[in-house]
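For reference, the structure discussed in these notes is given below.
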Amino acid sequence: MKRSRFSEEQIIAILKEQEAGMATAEVCQRHGISSATFYKWKSKFGGLEVSEARRLRSLEEENARLKKLLAEAMLDNAVLKDLASKRWCRPAPSGKRSPMPVSIMG
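Residue numbering for the sequence shown follows this note's numbering, starting at 365 and increasing by one per position.
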């Protein structure tokens, strides 16, 4: 997840400026952000205190980390299933299984 150049404290302070009566366009211009960014922050952090915003961000980071771990585990599982489904030994000419793997025998 991309890290914001604004901390949770700064985002909450910017939102509170607008809530205190300053025009949204003025707040955005003052802090060098787009109105889209402002409204995205408002929908995400509006009404939260700094500690709650920090907790939200840490939970989002943990969620992203866990999703990545799950994807890696699922990929490992798929590879193992694929390997398990392949025949690794050719039958010997006498009908008995050869202990040599197929890849070595050619």
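Idealized CB from N, CA, C, for every residue including glycine.
Neighbour flag for residue i against chain B, beta carbons, 8 Å
i, result
"L433", "Going by chain labels, chain B is absent from the structure shown, which holds only one protein chain."
Distance between residue j and residue i (C-alpha atoms, nearest Å)
i, j, result
"L439", "G385", "52 Å"
"R418", "K450", "49 Å"
"S407", "A435", "29 Å"
"R369", "G396", "11 Å"
"W452", "E424", "43 Å"
"G411", "T401", "16 Å"
"W405", "L444", "43 Å"
"R429", "S422", "11 Å"
"D446", "K380", "55 Å"
Identity of the residue in the options nearest residue i by Cα
i, options, result
"E413", "S368, S449, Q382 and I376", "I376"
"Y403", "A387, A428 and R421", "A387"
Beta-carbon proximity of residue i to residue j, cut-off 8 Å
i, j, result
"S399", "A389", "yes"
Practice prompt. Could you name each continuous alpha helix (DSSP H) segment of 4 residues or more that falls completely within the segment 370-446, going from the start of the chain to the end?
Written response: 372-383, 388-395 and 399-409
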